[in-house]
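Below is one structure, written out as structure tokens; comments come after it.
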Amino acid sequence: MRVFVLGIDSAEPDLVFREWGEKLPAIKSLRSEGAWGRISSTIPPITCPAWPSAFSGFNPGHFGLYDLRYRRPGTYTDFGIVNSRVIKVPRIWDILSRRGLKSGVVFVPTTYPPSRINGFMVSSFLTPTVESQFTHPPSLKKLVLDAVGGPENYIIDVYDYRRKDPKQLYEELKRKTEHDFKVIRKLLKTQGEWDLFVAVIMTVDRAQHTLWKFFDRDHPRYVDDPELRDGLLDLYVQIDRELEKTLELIPKDTAVIVVSDHGAKRMFYRINVNEALMSEGFLKLKEKPKEPIGLADADKRGLIDWEHTQAFALGAYIGQVFINLEGREPKGAVEKNEYIEVRKEVADFLKNIRGPNGEKLDNRVFVREEAYRGENIDRMPDITVYFDNLHYGANEALGLGSLYSLETVKGPDDSNHGEYGIFVLRDPEGRVKGEIKGLKMEDLAPTILKLLEIPAPSGIEGKSIF
Amino acid sequence: MKKLSDKVAVEISKELFEKAEKFVKESGGEFKSVEELVEFVLKEVLEEEEGSGESVYSKEEEEEIKKRLRALGYL
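In order, the protein sequences belong to chains A and B. Counting in the working numbering, the first sequence tops out at residue 526, every number present. Counting in the working numbering, the second sequence tops out at residue 710, every number present.
And the structure:
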């Protein structure tokens, strides 16, 4: 048995399974022949930790990551960028390598620098530049670049979407999907047999932040533009067609999985979490910033009165609150014996934050040990907040003078991440069929290992779905 | 410096040893023996496993990626 996995970052189950189900024939056919369901993302539902959890089977508390950046221990706002080497749990391709099985791992987030697995790897969007060594083996880089017409045509990511015209962005994302599948199919054609092939496509995630408002009539900033109405749908359809073409290259006895790490939902406003914490006296400033600035900049400029601060927040989509705990934080102001009480006070306050017109919000609050387990739980946020169950984003900037903003200092955004992703499995042996409920991200790794008849490593938290 | 007596013997397949011997010969003096090559490769692999990951990105690369993540709305 071999396993082929296509990850579609941020693919939303309501769109893929319901709204646009009939317009995505390749996925529909896999569903009708196999098993499908929505899959609970990690807390928080962000590319990292979701993909590392999915491909390792471990809760994020084991590898201590809650975003694409992490606070360097012993600092408040000195951030490191996640890379493959900070993820200490083995991922399925590491397990396969030890058993002499071959994997192809292509564009999977948090795989830069590429590891020397048995097989081949092309890193994802955290690759610094096209000059970086982003393939394993290094000699593969030429083939990857040639597949898209040379280094000048290689696209690491499409990211500057707030400054671009949405039509231009749409065109760029279409090109990026085409580009990625060219590389995927080139590798499938040239790299010989494999036991596991995993590829992740990022374009839907990038698109939803800008193109959501053109199709969703219930979006508060809905724009009726005939040219862009089907923009997001087109990008989903394009991936479905590319998947169909790609499946033609794969032997029939391959198990095929299509999965996303989280979904997406319309975003109304953002809660300025640090402003909110300030309003209740949990966060204190020495001096008010003259213009809105990020938390890290405020820290660098010495504006934060850490000695009198009890809590502070990170996060652009999900509120991630840290208690200024003595012994853990550089200038911890909350004593260890006050920790639970202060955390509860802050959590209760955040849970009850209301909307700009005084409306009640469905805020979901998770304290650390409810959400996380594992040897690096100390690095995880003390409180994670989904404002209005993710219909409100978060904003960590200071100096905004209000609890709400439509946009961050970087610009507007249409959608937040959703707490469920998609999962589809066509098992050639037909062992699982129909809708499956209760799936979670950590179940992906043990399910893939079971398909490959490899025992899951001890301590793994997910369970195979069959 | 570790003393010579700190060394232990490890058995590897003959086929791999012969390949390694050929590699050493062709390395133009970079490796003086198969032992040296094995020590080097093993050390690299273990460092990759054990390293903190803090030195992966240069300062400039880190700034470049942070700039992109900001443009994506993550930071």
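Note that the Cβ used here is the ideal one computed from N, Cα and C, for glycine as well.
- Query: Does the Cβ-Cβ distance between W96 (chain A) and I496 (chain A) come in under 8 Å?
  - Reply: In the first sequence, residue 96 (chain A) corresponds to position 36, counting from 1. In the first sequence, residue 496 (chain A) corresponds to position 436, counting from 1. In this structure, I496 (chain A) lies closer than 8 Å to W96 (chain A) by Cβ.
inquiry  = Am I right that Y692 (chain B) and P188 (chain A) are in contact with their C-beta atoms under 8 Å? What's the rounded C-beta distance?
reply    = Here residue 692 (chain B) refers to the residue found at position 57 when the second sequence is read from its first residue. Here residue 188 (chain A) refers to the residue found at position 128 when the first sequence is read from its first residue. That belief holds up - the Cβ atoms of Y692 (chain B) and P188 (chain A) are roughly 6 Å apart, short of 8 Å.
Anything in the segment 222-254 of chain A with a Cβ closer than 9 Å to a Cβ of chain B? List those residues in chain order, please. R222 and R223
Inset, instruction - Just mark E661 (chain B) as buried or exposed, buried being the case when its beta carbon has 16 or more other beta carbons within 10 Å. - result: Within the second sequence, residue 661 (chain B) is the residue found at index 26, counting from 1. Exposed, by the Cβ-count rule.
| query | Below 8 Å between beta carbons: does that hold for N476 (chain A) and L450 (chain A)? | reply | On the first sequence, position 416 is the one that residue 476 (chain A) refers to. On the first sequence, position 390 is the one that residue 450 (chain A) refers to. Yes, these two residues count as a Cβ contact at 8 Å.
Leaving out five residues on either side along the sequence, give the residues of the same chain with a beta carbon under 7 Å from the beta carbon of S116 (chain A). Here residue 116 (chain A) refers to the residue found at position 56 when the first sequence is read from its first residue. Once the five neighbours on either side are set aside, the close Cβ partners of S116 (chain A) are V149, P150, R151 and A505.
Between the segment 311-325 of chain A and the segment 500-515 of chain A, are three or more C-beta pairs nearer than 8 Å? yes
Can we say the segment 152-165 of chain A touches the segment 256-264 of chain A, given the rule of at least three CB pairs closer than 8 Å? yes
### Query
So what's T314 (chain A) in DSSP terms, helix, strand or just coil?
Position 254 of the first sequence, counting from 1, holds the residue named residue 314 (chain A). It is a strand residue.
Measuring only between beta-carbons, confirm whether E697 (chain B) sits less than 8 Å from chain A. On the second sequence, residue 697 (chain B) is found 62 positions in, with the first residue counted as 1. Closer than 8 Å to some Cβ of chain A, the Cβ of E697 (chain B) qualifies, so yes.
Just to make sure I have the definition right: I need the residues of chain B whose C-beta is within less than 8 Å of the C-beta of R129 (chain A). Which are they? Locating residue 129 (chain A) in the first sequence gives position 69, counting from the first residue. Going along chain B in sequence order, the residues near R129 (chain A) (Cβ under 8 Å) are K701, L704, Y709 and L710.
Exercise. Mind checking whether I331 (chain A) and L463 (chain A) have CB atoms under 8 Å apart?
Worked result: Here residue 331 (chain A) refers to the residue found at position 271 when the first sequence is read from its first residue. Here residue 463 (chain A) refers to the residue found at position 403 when the first sequence is read from its first residue. Yes, they are a contact pair.
Would you decide whether G362 (chain A) is buried or exposed? Buried here means 16 or more other CB atoms lie within 10 Å of its CB. In the first sequence, residue 362 (chain A) corresponds to position 302, counting from 1. With fewer than 16 other Cβ atoms within 10 Å, it is exposed.
**Item:** Whole runs of the beta strand (DSSP E) within the segment 307-387 of chain A, excluding any shorter than 3 residues
**Value:** 314-319, 323-326, 330-332, 371-374 and 379-383
Pick out whichever of A:F372, A:L309, A:Y130 and A:L337 has its Cα sitting closest to the Cα of R439 (chain A). By one-based count along the first sequence, residue 439 (chain A) stands at place 379. When each option's Cα is compared against that of R439 (chain A), the closest is A:Y130.
TODO: For chain A, find out if any of its Cβ atoms is closer than 8 Å to the Cβ of L639 (chain B); answer yes or no.
DONE: By one-based count along the second sequence, residue 639 (chain B) stands at place 4. With a pLDDT of 49 at L639 (chain B), under the threshold of 50, the predicted position of this residue should be treated as unreliable, though the coordinate-derived value follows. False, the Cβ-Cβ gap to chain A never drops below 8 Å.
Q. Does DSSP put L466 (chain A) in a helix, a strand or coil?
A. Position 406 of the first sequence, counted from the first residue, corresponds to residue 466 (chain A). Three-state DSSP puts L466 (chain A) in coil, outside helix and strand.
inquiry  = Less than 8 Å between the beta carbons of L421 (chain A) and Y452 (chain A), yes or no?
reply    = The sequence position of residue 421 (chain A) within the first sequence is 361, counting from 1. The sequence position of residue 452 (chain A) within the first sequence is 392, counting from 1. Contact: yes.
For R131 (chain A), which residues does DSSP report across the bridge?
Counting from 1 along the first sequence, the entry for residue 131 (chain A) is found at position 71. Partner(s): A:F139.
*Extent of the continuous beta strand (DSSP E) run through H239 (chain A)*: Residue mapping note: residue 239 (chain A) aligns to position 179 of the first sequence, counting from 1. That residue, H239 (chain A), is in no beta strand (DSSP E); its alpha helix (DSSP H) goes P226 to T250.
| query | Between the C-alpha atoms of M636 (chain B) and L672 (chain B), what's the straight-line distance to the nearest angstrom? | reply | What you label residue 636 (chain B) is simply residue 1 of the second sequence in a count that begins at 1. What you label residue 672 (chain B) is simply residue 37 of the second sequence in a count that begins at 1. Unreliable positioning characterises M636 (chain B) in this predicted model, as indicated by a pLDDT of 43, which lies under 50. A coordinate reading is not provided.
C-alpha distance - E287 (chain A) paired with T270 (chain A), whole-angstrom precision:
For this step, residue 287 (chain A) is matched to residue 227 along the first sequence. For this step, residue 270 (chain A) is matched to residue 210 along the first sequence. Going by the C-alpha atoms only, they are around 14 Å apart.
query = If you follow the beta strand (DSSP E) that S100 (chain A) is part of, which residue opens it and which one closes it?
reply = Counted from its first residue, the first sequence places residue 100 (chain A) at position 40. Note, S100 (chain A): beta strand (DSSP E), A95 to S100.
Q) What three-state label does DSSP hand T507 (chain A) in the structure shown? A) Walking along the first sequence from the start, residue 507 (chain A) turns up at place 447. Correct three-state label for T507 (chain A): helix.
Short check: CB of V333 (chain A) to CB of G291 (chain A), under 8 Å? Here residue 333 (chain A) refers to the residue found at position 273 when the first sequence is read from its first residue. Here residue 291 (chain A) refers to the residue found at position 231 when the first sequence is read from its first residue. Not a contact, by the Cβ cut-off of 8 Å.
* Check whether the Cβ of E395 (chain A) sits closer than 7 Å to any heavy atom of the ligand ATP, and report yes or no. => As far as ligands go, the structure on display features none, and thus does not contain the ligand ATP.
- CB contact below 8 Å: M636 (chain B) versus chain A: Taking the second sequence and counting its residues from 1, one reaches residue 636 (chain B) at position 1. Here M636 (chain B) scores only 43 on pLDDT, less than 50, and its place in the model should not be relied on; the value that follows carries that caveat. Answer no: the Cβ-Cβ gap between M636 (chain B) and chain A never drops below 8 Å.
Mind pulling the chain B residues with CB within less than 8 Å of I310 (chain A)?
In the first sequence, residue 310 (chain A) corresponds to position 250, counting from 1. None at all; the shortest Cβ gap to chain B is about 31 Å.
Checklist entry - Does any CB atom of chain A fall closer than 8 Å to the CB of A655 (chain B)? => result Locating residue 655 (chain B) in the second sequence gives position 20, counting from the first residue. By this cut-off, A655 (chain B) is not an interface position.
Along chain A, in chain order, which residues have C-beta atoms closer than 7 Å to that of E689 (chain B)? Within the second sequence, the letter at position 54 stands for residue 689 (chain B). The contacting residues are G140.
**Asked** With 8 Å set as the bound, which would you pick, yes or no: does the beta-carbon of I68 (chain A) sit closer than that to a beta-carbon of chain B?
**Response** Here the question's residue 68 (chain A) lines up with position 8 in the first sequence. No, its Cβ sits nowhere closer than 8 Å to a Cβ of chain B.
| message | Measuring only the C-alpha atoms, how far is I216 (chain A) from N143 (chain A)? | response | Within the first sequence, the letter at position 156 stands for residue 216 (chain A). Within the first sequence, the letter at position 83 stands for residue 143 (chain A). If you take the alpha carbons of I216 (chain A) and N143 (chain A), they lie about 15 Å apart.
Chain B contact residues for V149 (chain A), given Cβ-Cβ distances below 7 Å:
Counting from 1 along the first sequence, the entry for residue 149 (chain A) is found at position 89. Those do not exist, as V149 (chain A) stays about 12 Å from chain B at its closest Cβ, beyond 7 Å.
If contact means a Cβ-Cβ distance below 9 Å, which residues of the segment 191-223 of chain A contact chain B?
S192, I216, D217, Y219, D220, Y221, R222 and R223
Contact list for H269 (chain A) against chain B, beta-carbon separation under 9 Å
As a first step, residue 269 (chain A) must be located in the first sequence, where it is residue number 209. Neighbours of H269 (chain A) on chain B, chain order: L707 and G708.
query: Exposed or buried, what is K510 (chain A) when buried is set at 16 or more other beta-carbons lying within 10 Å of its beta-carbon?
result: The residue labelled residue 510 (chain A) in the question sits at position 450 within the first sequence. When all chains shown are included, K510 (chain A) counts as buried.
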